[in-house]
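J.: Listed in order, the protein sequences are those of chains A and B. Counting from 1, position 152 in the first sequence corresponds to residue 152 in UniProt numbering; the numbering is continuous, with no gaps. Counting from 1, position 338 in the second sequence corresponds to residue 338 in UniProt numbering; the numbering is continuous, with no gaps. For each residue, glycine too, the CB sits at the ideal point set by N, CA and C. No experiment lies behind these values; they were computed from the predicted model shown.
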Amino acid sequence: MKIRAAVLEQMGKPVPYSVSKPLIIEELELDEPEQDEVLVKMWYVGLCHSDLSVINGSRPRPTPMVLGHEAVGQVLQIGPGVDNVSVGDMVSCIFVPGCGQCEGCRIGRPTTCIPGAEANKRGVLLCGKTHLFRTGRGTDRQPVYHMGGTSGFATHAVLSKHSVVKVDQGIPPEYAALLGCGVITGVGAVTNSAKVSFGSSVAIVGLGGVGVCALLGAKACGAGQIVAVDLDPRKLAKAKELGATHTFLVHKDDPISKTVETIRSQLGGISRGGVDYALEMAGSGPALQIAYGITKPGGTTVTIGLPDPAVHLDIQQVSITAEERTLIGSYLGSGVATRDLPRYVDLYKKGSLPLEKLVSGIIPFREINQGFDMLEKGEVIRVLVNLKDEK
Amino acid sequence: MERFPRLERENLRIVIVVVEVAWCDMATVDKTIPDHFRGILCRGVKNYTVEEEIAAKDTLFEGREKEQLLPGEVLIRVTRCGICAGDAKCWSGAPMFWGDETRKPYVETPVIPGHEFVGEVIALGDKEDKSTVKVGDQVTAEQIVACGNCLYCRKGLRWLCAPHDIFGYHRCVHGGMGQYMRFPEKSIIYNIPKKISPSEAVYVEPLSCGVHGAQRGRIELGDTVVVSGCGPIGLGMVAAAKLAGPSRLIALDCMDSRLDIARECGADIVLNPLKTNVVKDIQELTDGYGCDVYLEATGNPKSVEQGLYMIRKNGRFVEFSVFKDKTAVDWTIIGDTKELDILGAHCSGDNGYKVAIDMILRRQIPVERIVTHELSLDNIIQGIQYVNEGKESIKVAIDPTK
Numbered sequence: 001m002k003i004r005a006a007v008l009e010q011m012g013k014p015v016p017y018s019v020s021k022p023l024i025i026e027e028l029e030l031d032e033p034e035q036d037e038v039l040v041k042m043w044y045v046g047l048c049h050s051d052l053s054v055i056n057g058s059r060p061r062p063t064p065m066v067l068g069h070e071a072v073g074q075v076l077q078i079g080p081g082v083d084n085v086s087v088g089d090m091v092s093c094i095f096v097p098g099c100g101q102c103e104g105c106r107i108g109r110p111t112t113c114i115p116g117a118e119a120n121k122r123g124v125l126l127c128g129k130t131h132l133f134r135t136g137r138g139t140d141r142q143p144v145y146h147m148g149g150t151s152g153f154a155t156h157a158v159l160s161k162h163s164v165v166k167v168d169q170g171i172p173p174e175y176a177a178l179l180g181c182g183v184i185t186g187v188g189a190v191t192n193s194a195k196v197s198f199g200s201s202v203a204i205v206g207l208g209g210v211g212v213c214a215l216l217g218a219k220a221c222g223a224g225q226i227v228a229v230d231l232d233p234r235k236l237a238k239a240k241e242l243g244a245t246h247t248f249l250v251h252k253d254d255p256i257s258k259t260v261e262t263i264r265s266q267l268g269g270i271s272r273g274g275v276d277y278a279l280e281m282a283g284s285g286p287a288l289q290i291a292y293g294i295t296k297p298g299g300t301t302v303t304i305g306l307p308d309p310a311v312h313l314d315i316q317q318v319s320i321t322a323e324e325r326t327l328i329g330s331y332l333g334s335g336v337a338t339r340d341l342p343r344y345v346d347l348y349k350k351g352s353l354p355l356e357k358l359v360s361g362i363i364p365f366r367e368i369n370q371g372f373d374m375l376e377k378g379e380v381i382r383v384l385v386n387l388k389d390e391k
Numbered sequence: 001m002e003r004f005p006r007l008e009r010e011n012l013r014i015v016i017v018v019v020e021v022a023w024c025d026m027a028t029v030d031k032t033i034p035d036h037f038r039g040i041l042c043r044g045v046k047n048y049t050v051e052e053e054i055a056a057k058d059t060l061f062e063g064r065e066k067e068q069l070l071p072g073e074v075l076i077r078v079t080r081c082g083i084c085a086g087d088a089k090c091w092s093g094a095p096m097f098w099g100d101e102t103r104k105p106y107v108e109t110p111v112i113p114g115h116e117f118v119g120e121v122i123a124l125g126d127k128e129d130k131s132t133v134k135v136g137d138q139v140t141a142e143q144i145v146a147c148g149n150c151l152y153c154r155k156g157l158r159w160l161c162a163p164h165d166i167f168g169y170h171r172c173v174h175g176g177m178g179q180y181m182r183f184p185e186k187s188i189i190y191n192i193p194k195k196i197s198p199s200e201a202v203y204v205e206p207l208s209c210g211v212h213g214a215q216r217g218r219i220e221l222g223d224t225v226v227v228s229g230c231g232p233i234g235l236g237m238v239a240a241a242k243l244a245g246p247s248r249l250i251a252l253d254c255m256d257s258r259l260d261i262a263r264e265c266g267a268d269i270v271l272n273p274l275k276t277n278v279v280k281d282i283q284e285l286t287d288g289y290g291c292d293v294y295l296e297a298t299g300n301p302k303s304v305e306q307g308l309y310m311i312r313k314n315g316r317f318v319e320f321s322v323f324k325d326k327t328a329v330d331w332t333i334i335g336d337t338k339e340l341d342i343l344g345a346h347c348s349g350d351n352g353y354k355v356a357i358d359m360i361l362r363r364q365i366p367v368e369r370i371v372t373h374e375l376s377l378d379n380i381i382q383g384i385q386y387v388n389e390g391k392e393s394i395k396v397a398i399d400p401t402k
């Protein structure tokens with residue numbers, strides 16, 4: 001079928017994106033869903049920094065590619081073998097498809113799925129092929145690549161059945177859009193990876209979309225102190241509004257050691273100046289160094305950041321031993337989407353996870369490049385593209 | 001000075017200690033500490049008496065003079081002391097305290113009972129700047145004074161200490177049902193901000209146990225959690241479990257009045273097992289799977305069975321209670337049927353007190369609805385009877401200042 005999609009042809013175009021227009025909305029051909037695949041009408045798709053990292057080339061992917069992975073939509077058609085969703089269901093998209101067969105999937109760790117990671121790396125679906133094509137003259141078809149098996153910046157998408165989770169229609173789709181990335185990653189980092197226990201102290205370094213989700217998660221888990229750390233005073237103000245008990249403004253030109261020292265001395269009474277759990281949610285080397293630095297001896301540091309692959313971690317090695325440190329990598333919240341998403345919807349309905357606070361605005365499809373400008377400037381928590389009203 | 005002639009007769013170790021103490025500017029001894037004070041003495045089964053003149057020298061100072069507080073010791077004027085179900089059982093003659101064919105007696109008489117205490121610091125063994133507390137502070141201490149040497153202390157499980165000196169049961173650590181108390185050097189002392197009144201602070205110890213019990217359950221965000229038993233411990237578990245963000249927190253009790261309070265503590269659903277088939281209710285709530293966590297705080301064998309039937313496979317079952325009667329159950333359910341995690345819980349764990357004080361400070365539990373009675377020392381037997389009956393009261397406290 002014919003669809004319209006925002007295609008990224010060239011990475012590394014300069015800001016402002018409203019001028020350089022890295023994403024161009026074009027007509028593409030979308031092949032039918034095959035075995036174990038579904039066709040989804042996209043409704044709302046969030047703009048996430050992982051998309052921005054591809055646009056600015058810090059995390060290169062094969063091009064041309066349709067980005068967008070934090071999405072909610074409605075199932076229009078199911079291929080043979082699809083047993084987890086039905087036509088008409090509202091679904092959240094999960095950008096690491098768990099094949100269900102490999103060792104990781106079998107032990108309840110689908111985020112470590114190898115076939116899924118392979119497919120994502122190649123920009124194809126789990127079946128190994130792309131379903132997106134530019135049609136040229138005659139029968140020529142140029143393949144267009146998928147992002148995270150999703151490619152949400154489009155009117156429609158075909159995904160593996162493993163990439164979608166049915167979501168209760170009792171949550172407005174605008175908030176459901178955030179479940180598949182920001183929420184599952186941020187809240188999961190707190191509850192699955194760090195396993196924050198009530199009464200403990202938690203620091204969140206980086207209060208972007210995912211960082212705010214982690215803050216909401218820490219609050220929901222009963223953290224005693226929630227320490228927000230960021231470069232941007234606006235983000236800290238928002239963090240305070242959403243439940244942070246302490247905020248620290250980082251000055252970009254200060255050496256990391258000075259920042260860590262300042263924070264530790266001001267946190268004096270809590271766990272010898274360090275926190276029980278520090279979560280790095282910014283995707284930057286310095287942010288992880290700060291998070292590591294403010295973790296108490298014996299404490300746990302968690303990172304969800306996906307920086308440029310050239311970034312290497314700079315940590316004083318002796319401190320890992322001497323202070324008995326734990327560093328945990330958390331991908332997609334180390335969660336099981338089919339288990340976690342219904343829980344988060346439940347908690348949203350109870351009022352324990354106020355997802356509505358995450359949506360800074362909804363923009364029409366044609367303003368998608370402006371949306372990325374807003375994200376790049378740190379003006380928003382989460383901006384959604386409205387695809388529901390696009391034919 | 002009168003002190004020095006005595007010093008010459010002591011052995012070297014004590015001389016060094018006392019000289020250090022005497023030479024320091026230890027202006028922290030309140031000269032108004034009496035030689036005798038009012039309190040309860042546990043003398044035997046159903047033999048708790050109100051004593052007008054308990055000798056401070058014997059009970060607080062281990063035969064020393066009152067000016068000779070050792071470094072690290074703290075003297076408090078008690079403002080409140082709670083009566084635990086354990087105290088009530090001890091009075092009644094329960095074998096766990098007095099011994100039987102399987103165990104030795106635990107309680108050493110005569111002893112001042114009480115381990116749920118709060119008071120004001122009136123004297124310190126240390127110099128003020130070396131001490132973590134100051135004269136005038138409102139404080140409590142962990143109910144157990146851990147030895148630091150046994151296997152459990154060395155493993156970091158001080159609440160399971162082998163010698164197990166708990167205030168109010170062993171004569172080296174007389175308890176809080178009197179006007180004064182001494183915390184020995186190995187005590188772990190907590191400052192309770194004065195924003196918390198003594199009537200609220202008396203609940204810190206039971207709440208710390210509720211916190212530990214809830215922590216043992218490893219509650220995950222979104223879990224379905226059941227707390228069985230809404231006495232002082234169970235209600236504390238409800239409030240603590242609530243903080244962990246369960247999607248449904250269910251409280252069970254056979255008394256509707258206690259269920260009302262459980263709701264105020266944060267329970268989403270309250271059920272009375274005498275009025276409804278609670279196992280069926282929980283299974284329906286959870287699509288037939290069962291609850292994720294069951295916190296048992298009744299001490300009733302029926303509640304144990306009920307919990308084992310309503311918990312899901314691989315769930316966490318926490319047992320905190322002290323039982324009167326034996327429990328019988330087909331043990332197959334633990335392994336082959338459900339592969340359960342059965343977790344015992346005792347006292348306050350590592351940070352139960354810290355979390356409990358914080359919870360009360362942040363008004364995360366309605367303490368005024370839980371501490372229902374505050375009685376003078378004279379009414380100790382009445383208080384014990386309230387606790388044993390468990391109908392009119394929830395937490396009963398003694399106010400030694402009355």
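Which chain A residues are close to residue 367(B), counting only those with a beta carbon under 7 Å from its beta carbon?
T.: The count along the second sequence starts at 1 and reaches residue 367(B) at position 367. Here the premise fails: no neighbours, minimum Cβ distance about 17 Å.
J.: Which residues, taken in chain order from the stretch 199-211 of chain B, show a beta carbon closer than 8 Å to some beta carbon of chain A?
T.: Flagged, chain order: 211.
J.: Flag residue 127(A) as yes if its beta-carbon sits less than 9 Å from any beta-carbon of chain B, otherwise no.
T.: Along the first sequence, read from residue 1 onward, the residue named residue 127(A) stands at position 127. Output row for residue 127(A): interface = no.
J.: Leaving aside the five residues before and after residue 35(B) along the sequence, list all residues of the same chain whose C-beta is less than 8 Å from its C-beta, in chain order.
T.: Along the second sequence, read from residue 1 onward, the residue named residue 35(B) stands at position 35. Closer than 8 Å at Cβ, skipping near neighbours: 55, 56, 57, 66.
J.: Start and end of the alpha helix (DSSP H) containing residue 370(B)?
T.: Along the second sequence, read from residue 1 onward, the residue named residue 370(B) stands at position 370. Run containing residue 370(B): 367-370, per the alpha helix (DSSP H) assignment.
J.: Name, please, each residue of chain B whose Cβ falls closer than 9 Å to the Cβ of residue 106(A).
T.: If you number the first sequence from 1, residue 106(A) lands on position 106. Simply none; closest approach about 16 Å.
J.: What residues of chain B sit near residue 222(A), judged by a beta carbon separation below 7 Å?
T.: Position 222 of the first sequence, counted from the first residue, corresponds to residue 222(A). By Cβ distance, chain B contributes 243, 244, 245.
J.: Would you report the Cα separation of residue 327(A) and residue 157(B), rounded to the nearest angstrom?
T.: Here residue 327(A) is taken as the residue at index 327 of the first sequence, counted from 1. Here residue 157(B) is taken as the residue at index 157 of the second sequence, counted from 1. Cα-Cα distance, rounded: 25 Å.
J.: Whole beta strand (DSSP E) runs in the stretch 322-390 of chain B with 3 or more residues, listed along the chain?
T.: Complete beta strand (DSSP E) runs here, min 3: 341-344, 371-375.
J.: Using a C-beta cutoff of 9 Å, does residue 334(A) count as contacting chain E?
T.: Included in the structure are the protein chains A and B, with no chain E among them.
J.: So, under 8 Å CB-CB, residue 318(A) and residue 299(A) are touching, yes? Tell me the CB distance rounded to an integer number of Å.
T.: Position 318 of the first sequence, counted from the start, is the residue given in the question as residue 318(A). Position 299 of the first sequence, counted from the start, is the residue given in the question as residue 299(A). Not confirmed; about 17 Å, so no contact.
J.: So is residue 344(A) in contact with chain B if we call contact Cβ pairs under 9 Å?
T.: As a first step, residue 344(A) is located in the first sequence; it is residue number 344 there, counting from the start. At least one chain B Cβ lies under 9 Å of residue 344(A).
J.: Does any residue of chain A have a CB that is nearer than 9 Å to the CB of residue 359(B)?
T.: In the second sequence, residue 359(B) corresponds to position 359, counting from 1. Chain A contact via Cβ: present.
J.: According to DSSP, is residue 365(A) helix, strand or coil?
T.: In the first sequence, the residue the question calls residue 365(A) occupies position 365. Three-state DSSP puts residue 365(A) in a helix.
J.: On the three-state DSSP scale, how would you describe residue 192(A)?
T.: In the first sequence, the residue the question calls residue 192(A) occupies position 192. Reduced to three states, the DSSP call for residue 192(A) is helix.
J.: Can you pull out the residues from the stretch 358-390 of chain A whose beta carbon lies closer than 8 Å to at least one beta carbon of chain B?
T.: Against chain B - using a Cβ distance shorter than 8 Å - the stretch 358-390 of chain A contributes no residues.
J.: In this structure, what does DSSP give as the bridge partners for residue 204(B)?
T.: Here residue 204(B) corresponds to residue number 204 of the second sequence, with the count starting at 1. For residue 204(B), which the question treats as bridged, DSSP gives no partner whatsoever.
J.: Any beta carbon from chain B within less than 9 Å of residue 66(A)'s own beta carbon?
T.: Sequence index remark: in the first sequence, residue 66(A) carries index 66 (1-based). No, residue 66(A) does not count as interfacial toward chain B.
J.: Let's test the definition: count the other Cβ atoms within 10 Å of the Cβ of residue 234(A) and tell me whether it reaches 16, buried, or not, exposed.
T.: Reading the first sequence from its first residue, position 234 is the one you call residue 234(A). With fewer than 16 other Cβ atoms within 10 Å, it is exposed.
J.: Which of the three DSSP states, helix, strand or coil, is assigned to residue 254(A)?
T.: Counting from one through the first sequence, the residue named residue 254(A) turns up at place 254. It is coil, neither helix nor strand.
J.: Taking its Cβ as the centre, do 16 or more other Cβ atoms sit within 10 Å of residue 146(A), making it buried, or is it exposed?
T.: As a working note, residue 146(A) is residue 146 in the first sequence. Buried.
J.: Would the beta-carbon of residue 363(A) fall within 9 Å of that of residue 153(A)?
T.: For the purposes of this step, residue 363(A) is identified with residue 363 of the first sequence, where counting begins at 1. For the purposes of this step, residue 153(A) is identified with residue 153 of the first sequence, where counting begins at 1. In this structure, residue 153(A) does not lie closer than 9 Å to residue 363(A) by Cβ.
J.: For residue 240(B), return the contacting residues in chain A, with the cut-off set at a CB-CB distance below 9 Å.
T.: If you number the second sequence from 1, residue 240(B) lands on position 240. Going along chain A in sequence order, the residues near residue 240(B) (Cβ under 9 Å) are 198, 199, 222.
J.: Between the stretch 129-142 of chain B and chain A, which residues of the former have a C-beta closer than 7 Å to a C-beta of the latter?
T.: Under the 7 Å Cβ criterion, the stretch 129-142 of chain B contributes no residue.
J.: Please list, in chain order, all residues of the same chain as residue 391(B) whose beta carbon is under 6 Å from its beta carbon, the five residues on each side excluded.
T.: For the purposes of this step, residue 391(B) is taken as the residue at position 391 of the second sequence. No residues qualify anywhere along the chain.
J.: Residue 350(A) versus chain B: which residues are under 7 Å apart at the beta carbon?
T.: Indexing the first sequence from 1 puts residue 350(A) at position 350. Those within 7 Å of residue 350(A) in chain B are 247.
J.: Taking DSSP as the reference, what is the three-state secondary structure of residue 339(A)?
T.: Taking the first residue of the first sequence as 1, we reach residue 339(A) at position 339. Helix, per DSSP.
J.: List, in chain order, every chain B residue whose beta-carbon is nearer than 9 Å to that of residue 347(A).
T.: On the first sequence, residue 347(A) is found 347 positions in, with the first residue counted as 1. Residues of chain B passing the Cβ test: 221, 222, 245, 247.
J.: Is the separation between the beta-carbon of residue 37(B) and that of residue 178(B) shorter than 9 Å?
T.: Residue mapping note: residue 37(B) aligns to position 37 of the second sequence, counting from 1. Residue mapping note: residue 178(B) aligns to position 178 of the second sequence, counting from 1. Yes, the Cβ-Cβ distance between residue 37(B) and residue 178(B) is below 9 Å.
J.: Roughly how many angstroms separate the alpha carbons of residue 97(B) and residue 229(A), rounded to a whole number?
T.: Here residue 97(B) refers to the residue found at position 97 of the second sequence. Here residue 229(A) refers to the residue found at position 229 of the first sequence. Looking at the two C-alpha atoms, the distance is approximately 52 Å.
J.: Looking only at DSSP bridge pairs, what is residue 52(A) linked to?
T.: Walking along the first sequence from the start, residue 52(A) turns up at place 52. In the DSSP output, where bridge partners are listed per residue, residue 52(A) has none listed.
J.: If the criterion is Cβ atoms closer than 9 Å, does the pair residue 218(B) and residue 316(B) meet it?
T.: Here residue 218(B) refers to the residue found at position 218 when the second sequence is read from its first residue. Here residue 316(B) refers to the residue found at position 316 when the second sequence is read from its first residue. It is a contact, given that the beta carbons lie within the stated cut-off.
J.: In this structure, does DSSP put residue 162(A) in helix, strand or coil?
T.: Looking up residue 162(A) in the first sequence gives position 162. If DSSP states are grouped into helix, strand and coil, residue 162(A) belongs with the helices.
J.: At which residues does the alpha helix (DSSP H) containing residue 212(A) begin and terminate?
T.: Here residue 212(A) refers to the residue found at position 212 of the first sequence. Where residue 212(A) is concerned, the enclosing alpha helix (DSSP H) stretches over 209-220.
J.: Please work out which residues of its chain come closer than 7 Å, Cβ to Cβ, to residue 372(A), disregarding the five sequence neighbours upstream and downstream, and give them in chain order.
T.: As a working mapping, residue 372(A) is identified with position 372 in the first sequence. Hits under 7 Å: 17, 47, 52, 55.
J.: Strictly below 8 Å CB to CB, what residues from chain A border residue 351(B)?
T.: Position 351 of the second sequence, counting from 1, holds the residue named residue 351(B). Correct list: 199.
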